[in-house]
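S.K.:
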Ligand code: FES
Ligand code: FE
């Protein structure tokens, strides 16, 4: 995939045929460009507002491979800093979360307040003769931090579009969870961290659009955990009901996979009645907030929401996950249970236990996926396989629009449209010198207009 001895990004994927060259999962040079052009300029999830509610509350997390501290300020705003001391580069804070008035480095004792200012330098007068310009040694701040309905995001690129513009029409789908209930959402429990020897794109593409594997890879897990008759989740290996679900993409890289029955999100719970009662008690109120289509077809359905490049929310199964790349063949997946604040405690407890049972470190679904995805990644690294292509060409050309929902729509969960649009966005960003080169589209017409060859 080189042209005149240089990496040819244009040739790595082909949206029209659904082709991906396997080197995108293994090549160190491509991975380096991803860190700059994708993780260096997309909006990345930092924390939920409720995880850092009080001044001085902080979370330690990652943006791409860079470690960052997300800190609630005295005035209620949020800042994020690279978690590195500006003296000799030590890790400034080792704790994952907590509350601080200041961050003091373990190496020589420099201290920074929560706004990032350097406020304490041991022996400042004697060692620096009182001449140290402390302003020049502030913590390095993430260029943009912004929130959307409870979720805080950061962006290293000062030229990036606003978070609202970046999310675009995807907000219509995100609000099905984030804005359905008056008091919004919260993440429950500790961060569940799993390390996997896999390229970061394989697990994201899997959840973004791969309904095909459910009835096969998860056949066992679905049989033991499914407790409802699943009109919207007819995904066995022998039949497909395409009328009961949709794949939605063309949302600037963001994707949605959803059943349309309003209950099947809770099909994989031992006692779904508690959840179904909650849904029916509140559905009329949700309709007032979000309108009939979202309240009746989407709210309560199993929905996979992907915010490009590496955040996924699954209302219904109620897990929330961010993927941190750790090299071309390694990731850390961070997972939480996410609930509506207004849910009864009994339901919240059930959700937390069910996330651990299905998609936690020992989760029955996650272990099916981990094994397959690890192999897809490893097997892309052979001398011959690294020259090959893979395809996401299922239901190619079946994309259409629907008046009642934004985006490019294909019928059913078993379809690879979303992966094609996901990789199209990947390519658009990888080839763009800056944000003004990146096309914007939110529906089929706009997507076709900006189609490059
Ligand atoms: Fe932090 Fe020296 S490296 S004070
Ligand atoms: Fe899976």
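Residue numbers (our numbering): 41 to 493. Every residue gets a Cβ at the ideal spot worked out from N, C-alpha and C, and that includes glycine.
1. What does the Cβ neighbour count give for residue 163, buried or exposed, with the cut at 16 atoms within 10 Å?
2. When every heavy atom of the ligand FE is checked, does at least one fall within less than 6 Å of the C-beta of residue 409?
3. From residue 299 to residue 265, what does the alpha carbon distance come to, in whole angstroms?
4. For the candidate residues 334, 340, 297, whose alpha-carbon lies nearest to that of residue 317?
5. Is any heavy atom of the ligand FES found at a distance shorter than 6 Å from the C-beta of residue 133?
6. Could you tell me the distance, in whole angstroms, from the CA atom of residue 353 to the CA atom of residue 190?
7. From residue 384 to residue 309, what does the alpha carbon distance come to, in whole angstroms?
8. Measuring CA to CA, which of 95, 156, 121 is closest to residue 34?
9. Between the C-alpha atoms of residue 235 and residue 160, what's the straight-line distance to the nearest angstrom?
10. Along the chain, where does the beta strand (DSSP E) containing residue 431 start, and where does it finish?
11. Are three or more beta carbon pairs between the segment 210-224 and the segment 240-260 nearer than 8 Å?
12. Please report the straight-line C-alpha distance between residue 272 and residue 399, rounded to a whole angstrom.
13. Are the segment 46-62 and the segment 457-475 touching, with three or more C-beta to C-beta distances below 8 Å?
14. Suppose you measure from the CA of residue 206 to the CA of residue 363; what does that come to, to the nearest Å?
15. Does any heavy atom of the ligand FES sit closer than 6 Å to the C-beta of residue 65?
16. Considering only heavy atoms of the ligand FES and the C-beta of each residue, which residues fall inside 5 Å, strictly closer?
17. Beta strand (DSSP E) containing residue 101: first to last residue?
18. Which of helix, strand or coil does DSSP assign to residue 206?
19. Which same chain residues, not among the five before or five after residue 435, have their C-beta less than 7 Å away from its C-beta?
20. Curious, which full-length alpha helix (DSSP H) runs of at least 4 residues does the segment 437-474 contain?
21. Within a Cβ cutoff of 8 Å, which residues of the same chain sit near residue 478, ignoring the five residues on either side of it in sequence?
22. By Cβ distance below 7 Å, which residues in the same chain neighbour residue 73 in space, the five residues on each side in sequence not counted?
23. CA-CA distance, residue 170 and residue 157?
24. Could you say if the segment 77-94 and the segment 192-201 meet the contact criterion of at least three C-beta pairs nearer than 8 Å?
25. Which residues in the same chain as residue 314 place their Cβ atom closer than 7 Å to its Cβ, once the five residues preceding and following it in sequence are excluded?
26. Suppose you measure from the CA of residue 371 to the CA of residue 105; what does that come to, to the nearest Å?
27. My assumption, with CB atoms under 8 Å, is that residue 283 sits in contact with residue 249. Please give the rounded CB distance.
28. What three-state label does DSSP hand residue 188 in the structure shown?
29. Given this structure, state the Cα-to-Cα distance separating residue 439 from residue 397, to the nearest angstrom.
30. Identify the residues that DSSP records as bridge partners of residue 378: which are they?
31. By DSSP, does residue 60 sit in helix, in strand, or in coil?
32. Beta carbon of residue 133, beta carbon of residue 172: below 7 Å?
33. Who are residue 343's beta bridge partners in DSSP?
34. Roughly how many whole angstroms lie between the Cα atoms of residue 404 and residue 261?
35. Check residue 172 in the structure and name its three-state DSSP category.
36. Which term fits residue 417, buried or exposed, when burial requires 16 or more other beta carbons within 10 angstroms of its beta carbon?
M.R.: According to the structure shown:
1. Position 123 of the chain shown, counting from 1, holds the residue named residue 163. With fewer than 16 Cβ atoms within 10 Å of its Cβ, residue 163 is classed as exposed.
2. Residue numbering aside, residue 409 sits at position 369 when the chain shown is read from its first letter. At least one heavy atom of the ligand FE is nearer than 6 Å to the Cβ of residue 409, so yes.
3. As a working mapping, residue 299 is identified with position 259 in the chain shown. As a working mapping, residue 265 is identified with position 225 in the chain shown. Roughly 18 Å separates the two Cα atoms.
4. As a position in the chain shown, residue 317 is number 277, starting the count at 1. Among 334, 340, 297, the Cα nearest to that of residue 317 is on 340.
5. Looking up residue 133 in the chain shown gives position 93. Residue 133: no, Cβ never under 6 Å from the ligand FES.
6. Looking up residue 353 in the chain shown gives position 313. Looking up residue 190 in the chain shown gives position 150. Note on geometry: alpha-carbon atoms of residue 353 and residue 190 lie some 13 Å from one another.
7. Counting from 1 along the chain shown, the entry for residue 384 is found at position 344. Counting from 1 along the chain shown, the entry for residue 309 is found at position 269. In this structure, the CA atom of residue 384 is about 16 Å from the CA atom of residue 309.
8. Because the chain spans 41 through 493 in this model, residue 34 falls outside it and cannot be assessed.
9. Locating residue 235 in the chain shown gives position 195, where the first residue counts as 1. Locating residue 160 in the chain shown gives position 120, where the first residue counts as 1. Using only the alpha carbons, I get a separation of about 37 Å.
10. Counted from its first residue, the chain shown places residue 431 at position 391. For residue 431, the enclosing beta strand (DSSP E) starts and ends at 429-431.
11. No, because fewer than three Cβ pairs between the segment 210-224 and the segment 240-260 fall closer than 8 Å, the two stretches do not touch.
12. Residue 272 sits at position 232 when you count from the first residue of the chain shown. Residue 399 sits at position 359 when you count from the first residue of the chain shown. Low per-residue confidence applies at residue 272: pLDDT is 48, beneath 50, and the placement is therefore not dependable enough to give any value.
13. Counting Cβ pairs under 8 Å, three or more are found: they touch.
14. Numbered from its first residue, the chain shown carries residue 206 at position 166. Numbered from its first residue, the chain shown carries residue 363 at position 323. Spanning the two alpha carbons is a distance of roughly 19 Å.
15. Taking the chain shown and counting its residues from 1, the one referred to as residue 65 is at position 25. Checking every heavy atom of the ligand FES against the Cβ of residue 65, none is found closer than 6 Å.
16. With the cut-off at 5 Å, the residues found are 125, 127, 128, 130, 145, 147, 148, 150.
17. What you label residue 101 is simply residue 61 of the chain shown in a count that begins at 1. Start and end: 97-103.
18. As a first step, residue 206 must be located in the chain shown, where it is residue number 166. Here residue 206 sits in helix by DSSP.
19. For the purposes of this step, residue 435 is identified with residue 395 of the chain shown, where counting begins at 1. Within the same chain, residue 435 has close Cβ partners 450, 455, 456, 457.
20. As summarised for the segment 437-474, the continuous alpha helix (DSSP H) elements at least 4 residues long and confined to that stretch are 457-471, given in chain order.
21. Along the chain shown, read from residue 1 onward, the residue named residue 478 stands at position 438. The answer, listed in chain order, is 468, 469, 472.
22. The count along the chain shown starts at 1 and reaches residue 73 at position 33. Spatial neighbours of residue 73 in its own chain (CB-CB distance under 7 Å, excluding positions within 5 residues in sequence) are listed in chain order as 470.
23. Taking the chain shown and counting its residues from 1, the one referred to as residue 170 is at position 130. Taking the chain shown and counting its residues from 1, the one referred to as residue 157 is at position 117. About 17 Å.
24. When C-beta atoms of the segment 77-94 are compared with those of the segment 192-201, three or more pairs fall below 8 Å, so the two segments count as touching.
25. Start at 1 with the first residue of the chain shown, and residue 314 comes out as number 274. For residue 314, where only same-chain residues beyond five positions count, the Cβ hits under 7 Å are 386, 387, 390.
26. Sequence index remark: in the chain shown, residue 371 carries index 331 (1-based). Sequence index remark: in the chain shown, residue 105 carries index 65 (1-based). Our two residues, residue 371 and residue 105, have alpha carbons roughly 10 Å apart in a direct line.
27. Start at 1 with the first residue of the chain shown, and residue 283 comes out as number 243. Start at 1 with the first residue of the chain shown, and residue 249 comes out as number 209. Between residue 249 and residue 283 the Cβ distance is about 18 Å, and since that is not below 8 Å, they are no contact.
28. By one-based count along the chain shown, residue 188 stands at place 148. Three-state DSSP puts residue 188 in a strand.
29. Along the chain shown, read from residue 1 onward, the residue named residue 439 stands at position 399. Along the chain shown, read from residue 1 onward, the residue named residue 397 stands at position 357. Cα atoms of residue 439 and residue 397: separation of roughly 35 Å, rounded to the nearest angstrom.
30. Taking the chain shown and counting its residues from 1, the one referred to as residue 378 is at position 338. Per DSSP, 227.
31. Looking up residue 60 in the chain shown gives position 20. Strand.
32. Counted from its first residue, the chain shown places residue 133 at position 93. Counted from its first residue, the chain shown places residue 172 at position 132. Contact: no.
33. Numbered from its first residue, the chain shown carries residue 343 at position 303. In the DSSP output, where bridge partners are listed per residue, residue 343 has 298.
34. Indexing the chain shown from 1 puts residue 404 at position 364. Indexing the chain shown from 1 puts residue 261 at position 221. So the two alpha carbons sit approximately 6 Å from each other.
35. Within the chain shown, the letter at position 132 stands for residue 172. In the three-state reduction of the DSSP assignment, residue 172 falls in the coil class, being assigned neither a helical nor a strand state.
36. Position 377 of the chain shown holds residue 417. Per the 10 Å Cβ criterion, buried.
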